[in-house]
Each structure stands twice: as structure tokens, then as C-alpha cells.
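This report concerns only the one structure given below.
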Amino acid sequence: MNRRNPTKKRTTVELSKPGRPGTGKGRPVPLSVGLAARLSPRRPRRMLLLVLVALLAGWTWAFWPRLTLPFSEAANAVEVLDSSVVYDQGTLDQEQRAGVAGAVGTRPLMLAFLAGDDTDAGDFCSAVVERIDGVILLVIQDGEFAYECWSEDLPYTDDSWVAFDAYLSRSLDLSTRYLDDRPVDIARTAALQYDSMVRSGRLVAGEREFRAPVGATLAGVGVALGVVAGVVLVVVGIRALALVAVSSRARTEALRRRREDLQDVLDELALVVVGAAPADPRRTAMQPWAAGTAAGYADLAHRMGAAGEDGLADLTREAKALLDAAQWGADGDDDEDDAHGRGKGASR
1 MNRRNPTKKR
11 TTVELSKPGR
21 PGTGKGRPVP
31 LSVGLAARLS
41 PRRPRRMLLL
51 VLVALLAGWT
61 WAFWPRLTLP
71 FSEAANAVEV
81 LDSSVVYDQG
91 TLDQEQRAGV
101 AGAVGTRPLM
111 LAFLAGDDTD
121 AGDFCSAVVE
131 RIDGVILLVI
141 QDGEFAYECW
151 SEDLPYTDDS
161 WVAFDAYLSR
171 SLDLSTRYLD
181 DRPVDIARTA
191 ALQYDSMVRS
201 GRLVAGEREF
211 RAPVGATLAG
221 VGVALGVVAG
231 VVLVVVGIRA
241 LALVAVSSRA
251 RTEALRRRRE
261 DLQDVLDELA
271 LVVVGAAPAD
281 PRRTAMQPWA
291 AGTAAGYADL
301 AHRMGAAGED
311 GLADLTREAK
321 ALLDAAQWGA
331 DGDDDEDDAH
341 GRGKGASR
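The opening residue of the sequence shown carries number 1 in full-length UniProt numbering; numbering runs sequentially from there.
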């Protein structure tokens with residue numbers, strides 16, 4: 001008997017539409033299979049990756065000024081002003097620096113004394129205050145007041161920053177107009193202006209919080225390492241997702257091949273059972289081996305729906321063993337029929 005029938009049609013099973021899991025056009029599909037077709041394990045991993053990327057982007061944006069500090073012209077000034085109120089490019093002596101620091105005290109004020117006009121006062125001022133929180137910075141260039149700016153989180157109470165900027169700029173310009181080359185007096189005047197704005201309610205009083213240079217360095221290193229770790233995490237996550245996707249596709253393909261192998265054997269078993277069926281079942285009973293093959297076929301077909309990859313391999317081995325036994329039984333019947341036919345011929 002041929003093991004393969006090239007004319008037989010393969011039985012196919014189609015999953016139901018997403019809205020109706022658990023039913024199919026060929027045979028009933030287990031509910032778990034319908035749900036698995038709708039719920040992909042990639043979705044939570046994809047969401048986790050998006051969350052990690054969003055956190056990394058937000059963290060980078062929040063610490064961007066500090067991350068870019070080494071590439072800024074104001075890097076040296078920021079490092080000094082993190083732990084001091086005075087930045088000097090060699091225009092002050094030790095006594096003057098001490099006098100400026102004493103005049104400012106713990107107020108959130110800083111003074112930067114620049115030598116010459118090679119540095120743009122406005123760009124320098126902005127580069128400093130975007131990296132130090134809650135302060136007002138006065139830039140003194142060539143001994144005279146040149147520019148002022150403040151951090152975004154400075155607690156002023158005016159309705160708009162334009163009004164506050166106009167008032168601060170005008171008051172500092174007028175009060176320091178005749179104080180060229182007098183750094184300590186400029187610092188005292190700035191302190192008085194700050195106290196006046198606090199008393200008038202334009203500013204909420206505050207004190208300067210200094211950073212230790214070591215702490216600032218460690219913070220910068222930590223931020224840099226955090227960014228690098230975040231990038232590595234994203235790359236590793238993307239690679240892991242790719243590996244999971246490849247592995248999932250491989251498992252799906254292996255499962256499909258095992259189902260096809262089992263279906264081929266079951267189809268051949270069905271052909272053997274059909275071939276062994278008596279012409280008139282009401283008068284002639286099915287051979288015992290054929291009845292056992294039919295029962296085994298029904299059991300295997302029932303267990304196939306819920307079997308996994310390993311289970312399908314076991315079922316395929318059982319089906320092949322059952323097919324071999326069925327073919328031996330069919331061959332035995334054929335031999336008996338031949339012998340019976342020869343006996344009749346001899347009697348005649």
C-alpha cells in the first residue's frame with residue numbers, strides 16, 4: 001500500500017476573525033490559540049522601550065546645559081561660580097575679591113569681572129545662568145557695568161519677565177553709572193538693589209546655595225555615565241527585541257512544520273481506515289485492527305488541537321506507529337483474501 005497519495009487534499013484550519021476567538025472554519029480552534037493570535041508579546045516590550053526612550057530624552061533635556069558645559073566658553077566661570085560669588089579674569093586683587101564677596105553675602109547674586117572686550121558679555125551671562133539655578137549675574141567688563149541676566153527659576157513677582165528685566169536693567173545701570181573701576185562699590189550697590197526689590201515685593205527673598213566643586217564634578221560624571229548607560233540600555237533593548245522576534249518566528253515556523261507532518265500522517269491513517277471499511281457495515285463488522293485504528297485516529301485528531309511543539313512531536317510518533325500497525329493489518333487482510341481466492345479456485 002502506498003504511504004503517500006499525491007491526489008489527496010490537505011485539510012486546512014483557519015483561525016476565526018479577531019472578534020470571535022475560539023471558532024474556525026475547519027475544526028474548533030482552542031480559545032488560547034485565538035487569543036494568542038490577537039495578543040502579541042512584542043507589545044509590552046515595545047511599550048517598555050518607548051518609555052525608556054522617553055525617560056532618556058527627558059533626562060538628557062533636563063541636564064543638557066550641564067552636559068554641554070565642557071564645550072562652552074563659560075565652563076571655567078561656571079566651575080568657579082558654583083562655589084563662589086565672584087569670577088575674575090585677573091582684574092581684581094585679593095582684597096577686592098574679599099570685599100565683593102563680603103558685600104554680596106548669602107544673597108543669590110554673582111559678579112563676573114571680565115578683562116577686555118574680547119568676550120561678548122550677553123552670551124557669557126546667558127551661558128552661566130542657564131547652568132546655575134536661582135541667581136542674578138552682573139557682568140563687569142573693563143571696570144564698568146556691562147550686562148545683567150538671571151536664571152529662569154528666579155522667583156520674581158512681576159507679571160512678565162519683560163517688565164522685570166526693564167526694571168532690573170534700568171536700576172542697575174543708573175545706580176552703577178559713576179562707579180567705574182570700583183568693584184566693591186558696584187557689589188554693594190547690587191546688594192542694595194536686591195534688598196530693595198525684596199522689600200518692594202518684586203522678588204521673593206532667597207539665599208544662595210553653593211555647590212561643592214567635587215560634588216559638581218561627580219554630578220557631571222554621573223550624568224554622563226547615566227546618558228551612556230541609557231544609550232547602551234536602548235541598544236541592548238532593541239537587540240533583545242530583535243532576537244525575541246526572530247526566535248518567535250522560528251518557533252512559529254517549527255510549530256507549523258510539526259503540525260503539517262502530523263496532519264500528513266493523520267491523512268494517511270484516514271485513508272487506511274476508509275479502505276478497511278466493509279461494503280455493508282450492517283452485515284459485516286469492521287476488522288479489530290481497523291476499529292482500533294479508527295479510534296486511535298479520532299483520539300490523535302482531538303489531542304492535536306491543544307498540543308504544543310513537543311506534544312506535536314510525541315503525537316507524530318504515535319501516529320506513525322499506529323499507521324505502521326494499520327498497514328500490517330491491511331496487508332494481512334489482503335493475504336487472507338488472496339489465500340481464500342486460491343482455495344476456491346482449487347475446489348472448482
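Think of the CB as a built atom: it goes at the ideal place given N, C-alpha and C, for glycine as much as any other residue.
Residue i to residue j span [Cα, whole Å]
i	j	result
Ala295	Val246	39 Å
Asp133	Leu192	21 Å
Phe145	Leu174	10 Å
Tyr178	Ser171	13 Å
Arg4	Ala270	Here Arg4 scores only 41 on pLDDT, less than 50, and its place in the model should not be relied on; the value that follows carries that caveat. Straight-line Cα distance between these residues: approximately 12 Å.
Arg251	Leu55	33 Å
Ala187	Gly226	39 Å
Leu31	Leu315	At Leu31 the pLDDT is 40, less than 50, meaning the model places this residue with poor confidence; the figure from the coordinates comes in the next sentence. Looking at the two C-alpha atoms, the distance is approximately 21 Å.
Ala307	Arg259	9 Å
Ala77	Leu168	23 Å
Leu241	Ala74	42 Å
Phe164	Gln89	29 Å
Trp161	Glu152	9 Å
Thr91	Phe210	23 Å
Tyr130	Gly237	According to the sequence provided, residue 130 is Glu. The question's Tyr does not apply to it. Straight-line Cα distance between these residues: approximately 33 Å.
residue 361	Leu266	The structure shown does not extend to residue 361, since the chain is modelled only from 1 to 348, so the question has no answer here.
Leu138	Trp150	9 Å
Gly311	Gly275	29 Å
Asp195	Gly116	30 Å
Ala291	Ala313	24 Å
Val204	Ala166	18 Å
residue 368	Glu79	In the structure displayed, the chain extends from 1 to 348; residue 368 sits before or after that span and is not available.
Arg317	Val53	48 Å
Gln94	Ala101	11 Å
Asp264	Arg249	23 Å
residue 350	Gly206	Examination of residue 350 is not possible in this model, given that the chain is present from 1 through 348 alone.
Pair within 8 Å by beta-carbon distance, residue i and residue j
i	j	result
Gln51	Leu81	Per the sequence presented here, residue 51 reads as Val, with Gln not at that position. Not a contact, by the Cβ cut-off of 8 Å.
Tyr147	Cys125	yes
Ile140	Pro108	no
Val86	Leu114	no
Val272	Leu323	yes
Gly143	Asp181	yes
Arg202	Asp158	yes
Leu300	Ala319	yes
Leu262	Met304	yes
Residue i, buried or exposed, once every other Cβ within 10 Å from all chains shown has been counted against 16
i	result
Val231	exposed
Thr106	exposed
Arg239	exposed
Arg10	For Arg10, the predicted model reports a pLDDT of 40, less than 50, meaning its position is unreliable; a value from the coordinates is still stated below. Result: exposed.
Glu268	buried
Val244	exposed
residue 364	Residue 364 is absent from the structure shown; the chain starts at 1 and stops at 348.
Val235	exposed
Glu253	exposed
residue 358	The displayed coordinates of the chain run from 1 to 348. Any statement about residue 358 would go beyond what the structure contains.
Arg97	buried
Ala326	buried
Asp229	Residue identity check: residue 229 is Ala in the sequence provided, not Asp. Label assigned to Ala229: exposed.
Ala103	buried
Beta-carbon separation (whole angstroms), residue i vs residue j, contact threshold 8 Å
i	j	result
Gly99	Val184	4 Å
Residue i at chain C interface by Cβ criterion, 8 Å
i	result
Ala229	Considering every chain present, this structure includes no chain C. It has just one protein chain.
Taking only runs that begin and end inside the region 73 to 156, name each unbroken alpha helix (DSSP H) of 4 or more residues, in chain order. 75 to 81, 94 to 104 and 121 to 129
Pick out the complete alpha helix (DSSP H) segments inside the region 228 to 273, 4 residues or longer, and give them in chain order. The qualifying runs do not exist here; there are none.
Alpha helix (DSSP H) runs wholly inside the region 155 to 180, at least 4 long, in chain order: 161 to 175
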